[in-house]
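For the sequence shown, the residue numbers in UniProt numbering are 1 to 274.
The beta carbon of each residue, even a glycine, is placed where N, CA and C say it ideally should be.
The structure appears below as structure tokens.
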Amino acid sequence: MNPTGEILMPRPTRPRVMCVANQKGGVGKTTTTVNLAVALALHGNRVLVIDLDPQGNASTGLSVPHHAGIPDVYDCLIENVPMVEVAQAVEGIPNLHCVPATIDLAGAEIELVSVVARESRLGRAIAAYPHEFDYVFIDCPPSLGLLTVNALCAAQEVLIPIQCEYYALEGLNQLLNNINLVKAHLNPTLEVSTILLTMYDRRTRLADAVEQDVRNHFGEKVLTSVIPRNVRVSEAPSYGQSVMTYDPGSRGATSYFEAAQEIAERGAKIGVAA
């Protein structure tokens with residue numbers, strides 16, 4: 001938990017804007033965003049989480065209010081409200097801020113269609129933020145619509161959580177094609193930098209086969225740390241917490257801590273290209 005707040009995880013050489021994306025639902029995007037952000041913030045990094053999913057699950061996991069009427073990321077995208085006015089400090093975790101998502105965001109997909117420079121709205125809002133962060137994590141919705149395109153245009157890196165099941169691999173091609181389209185036409189600096197295997201069940205041969213396939217295909221981009229299926233990870237959001245604070249000794253918490261440590265070490269070594 002690092003209560004003293006001393007820097008145990010190295011800071012990156014420059015800010016890393018990471019989009020956590022996978023159009024398949026239920027692969028652990030939000031869980032990964034919340035737990036990596038908390039782990040990095042508890043160990044000396046300045047972190048901003050942007051909840052770009054209308055369901056607002058990342059806001060729930062960080063115990064940030066996101067009911068109707070709360071200023072949220074919708075106001076930044078559609079109304080040009082500065083992001084610093086919308087971001088909230090996460091209680092009990094220094095160095096961590098969250099831009100919440102309310103149900104208003106569900107309409108943003110349609111409203112963005114007619115907006116000028118619609119793909120770069122989020123990127124401009126992040127660039128105008130007056131304080132510097134070491135990490136910005138953007139939690140994407142489980143779709144490949146305009147919100148996800150905004151996230152891909154705003155980010156330098158894509159972090160893809162992959163569930164260790166066959167269907168998870170099926171949708172991966174489509175996601176990679178879309179990332180390549182955004183890279184070719186809108187954001188030439190975008191790279192898939194990090195792959196994290198989630199919901200790993202060591203008792204099944206399938207999980208092992210999926211892990212081998214992913215490691216063979218993506219090589220060093222795949223983190224050594226693997227996130228196991230763990231009931232504590234599932235329980236934590238119902239208490240408005242990450243597993244890092246809910247049960248720091250659980251296998252889920254230690255796995256996310258190791259993954260965060262790996263991301264931090266990669267960032268410190270070679271700047272943004274992890």
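Handout entry: Span separating the alpha-carbon of Glu-211 from that of Asp-75
Key = Numbered from 1 along the sequence shown, position 211 holds the residue referred to as residue 211. Numbered from 1 along the sequence shown, position 75 holds the residue referred to as residue 75. Rounded to the nearest whole angstrom, the CA to CA distance from Glu-211 to Asp-75 is 40 Å.
Just the Cα atoms here: how many angstroms apart are Ser-143 and Ala-101? As a working mapping, residue 143 is identified with position 143 in the sequence shown. As a working mapping, residue 101 is identified with position 101 in the sequence shown. Near 16 Å, if we compare the C-alpha coordinates of Ala-101 and Ser-143.
(request) Give the range of the alpha helix (DSSP H) segment to which Ser-59 is assigned. (result) Position 59 of the sequence shown, counted from the start, is the residue given in the question as residue 59. According to the DSSP assignment, Ser-59 belongs to the alpha helix (DSSP H) that extends over 57 to 61.
By a C-beta neighbour count over all protein chains shown, 10 Å radius and 16 as the cutoff for buried, is Asn-173 buried or exposed? Mapped onto the sequence shown, residue 173 falls at position 173. Asn-173 should be labelled exposed.
Mind reading off the beta-carbon distance from Val-214 to Ile-162? Whole number of angstroms is fine, and I expect it under 8 Å.
In the sequence shown, the residue the question calls residue 214 occupies position 214. In the sequence shown, the residue the question calls residue 162 occupies position 162. Right, their Cβ atoms sit about 6 Å apart.
Which value, in whole angstroms, describes the spacing of the CA atoms of Met-148 and Pro-15? Here residue 148 refers to the residue found at position 148 of the sequence shown. Here residue 15 refers to the residue found at position 15 of the sequence shown. Here residue 148 turns out to be Thr, not Met, going by the sequence shown. One Cα belongs to Thr-148, the other to Pro-15, and the distance between them is close to 20 Å.
query: By how many angstroms is the C-alpha of Pro-248 removed from the C-alpha of Gly-219?
result: Reading the sequence shown from its first residue, position 219 is the one you call residue 219. Reading the sequence shown from its first residue, position 248 is the one you call residue 248. Between Gly-219 and Pro-248, the C-alpha separation is close to 30 Å.
Practice task
List the residues that DSSP assigns as beta-bridge partners of Ala-89.
Solution key: By 1-based counting over the sequence shown, the position of residue 89 is 89. His-97.
Q) For Leu-186, which of helix, strand or coil comes out of DSSP? A) Locating residue 186 in the sequence shown gives position 186, where the first residue counts as 1. Here Leu-186 sits in coil by DSSP.
Check your understanding: Where DSSP assigns a beta bridge to Cys-70, which residues make up the other side?
Key -> In the sequence shown, residue 70 corresponds to position 70, counting from 1. Cys is not the amino acid found at residue 70; the sequence shown has Ile there. Answer is none; Ile-70 lacks a bridge partner.
(message) Quick check on the burial criterion: 16 or more other C-beta atoms within 10 angstroms. Buried or exposed for residue 309?
(response) With the chain represented from 1 up to 274, any question about residue 309 goes unanswered, as that position is not in the structure.
(Q) So, for Ala-268: in the same chain, excluding its five sequence neighbours on each side, which residues have a beta-carbon less than 8 Å away from its beta-carbon? (A) On the sequence shown, residue 268 is found 268 positions in, with the first residue counted as 1. Contacts found: Pro-10, Arg-11, Pro-12, Thr-13.
Let me know if Thr-60 comes out buried or exposed under the rule of 16 or more other beta-carbons within 10 Å of its beta-carbon. Against the sequence shown, residue 60 aligns to sequence position 60. Under a 10 Å Cβ-count criterion, Thr-60 is classified as buried, with 16 or more other Cβ atoms of the shown protein chains found around its own Cβ.
Inset, instruction - Give the C-beta separation of Ala-21 and Leu-190 to the nearest angstrom, bearing in mind that I take them to be a contact with Cβ-Cβ under 8 Å. - result: Working through the sequence shown from its first residue, we reach residue 21 at position 21. Working through the sequence shown from its first residue, we reach residue 190 at position 190. Their Cβ separation, rounded to whole angstroms, is 11 Å, which puts Ala-21 and Leu-190 out of contact at 8 Å.
- On the premise that Ala-108 lies in contact with Ala-77, defined as a C-beta separation below 8 Å, what is that separation, rounded to the nearest angstrom? In the sequence shown, residue 77 corresponds to position 77, counting from 1. In the sequence shown, residue 108 corresponds to position 108, counting from 1. It should be noted that the sequence gives Leu, not Ala, for residue 77. Leu-77 to Ala-108, Cβ: 6 Å. Contact.
Cβ separation of Thr-245 and Val-38, assumed to be a contact under 8 Å, to the nearest whole Å:
One-based indexing of the sequence shown puts residue 245 at position 245. One-based indexing of the sequence shown puts residue 38 at position 38. A Cβ-Cβ separation of about 7 Å places Thr-245 in contact with Val-38 under the 8 Å criterion.
Checklist line | Which residues DSSP lists as bridging Glu-262, in chain order | finding: Taking the sequence shown and counting its residues from 1, one reaches residue 262 at position 262. Glu-262 is not bridged by DSSP to any residue.
Measure the alpha-carbon distance for Thr-30 versus Val-99 and round it to whole angstroms. Reading the sequence shown from its first residue, position 30 is the one you call residue 30. Reading the sequence shown from its first residue, position 99 is the one you call residue 99. Roughly 14 Å separates the two Cα atoms.
Inset, instruction - Tell me whether Val-182 is buried or exposed, calling it buried when 16 or more other Cβ atoms sit within 10 Å of its Cβ. - result: Along the sequence shown, one-based indexing puts residue 182 at 182. Per the 10 Å Cβ criterion, buried.
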